[in-house]
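Trainee:
In the numbering used here, the protein residues as written are 71 to 194.
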């Protein structure tokens, strides 16, 4: 049944994307006969968000592989749009983000009082 094969295919796509196997995703998509307008752009957006959260720098070839079939002009435009930069000291790497700038400190207030823990401490 063709409907079931489409469901299986969709589940395979989801699994590959959720496990960050982006190159495998693009290879599977290449073999798919159904084309959905805008689908690849939305997938690239998801991949870019994942890369933005995960990497501070990434190898340029690895990034190109993760983003699928992009020509050099589109790849460079995407890098510029996202605010990513080619590293000056190593053009094989792309600077994604300084995650240290995004760290937010919090004051943690303990809600357990010593009186509540003391009976357990006596047992130990």
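Glycine included, each C-beta is placed from N, C-alpha and C at the ideal position.
With distances taken between CB atoms, is the gap from residue 166 to residue 126 smaller than 7 Å?
Mentor: Yes.
Trainee: What three-state label does DSSP hand residue 178 in the structure shown?
Mentor: Correct three-state label for residue 178: coil.
Trainee: Can you give the beta carbon distance from residue 140 to residue 117, rounded, assuming they're within the 8 Å contact cut?
Mentor: Contact flag wrong, Cβ pair sits at about 11 Å.
Trainee: Report the rounded CA-to-CA distance for residue 145 versus residue 179, giving the unit in angstroms.
Mentor: Cα to Cα, residue 145 sits roughly 46 Å from residue 179.
Trainee: Among residues of its own chain, excluding the 5 on either side of residue 110, which ones have a beta-carbon nearer than 7 Å to its beta-carbon?
Mentor: Answer for residue 110: 138, listed in chain order.
Trainee: Whose CA, out of 160, 188, 158 and 92, lies closest to the CA of residue 120?
Mentor: Closest option to residue 120, Cα to Cα, is 92.
Trainee: Among 85, 164 and 87, which residue has its Cα nearest to the Cα of residue 128?
Mentor: Checking every option, the nearest Cα to that of residue 128 belongs to 164.
Trainee: Please name the residue or residues paired with residue 128 in a DSSP beta bridge.
Mentor: Note: residue 128 sits in a beta bridge opposite 164.
Trainee: Spatial neighbours of residue 162 within its chain, please: C-beta separation below 8 Å, excluding the five flanking residues on both sides.
Mentor: So the qualifying residues of the chain are 129, 130 and 131.
Trainee: In the DSSP assignment, find the unbroken alpha helix (DSSP H) run with residue 141 in it and report its ends.
Mentor: Taken as a continuous stretch (DSSP letters only), residue 141 belongs to no alpha helix (DSSP H), as it is neither H nor E.
Trainee: In or out: residue 184 buried (at least 16 other Cβ within 10 Å) or exposed?
Mentor: Exposed: under 16 other Cβ atoms inside 10 Å.
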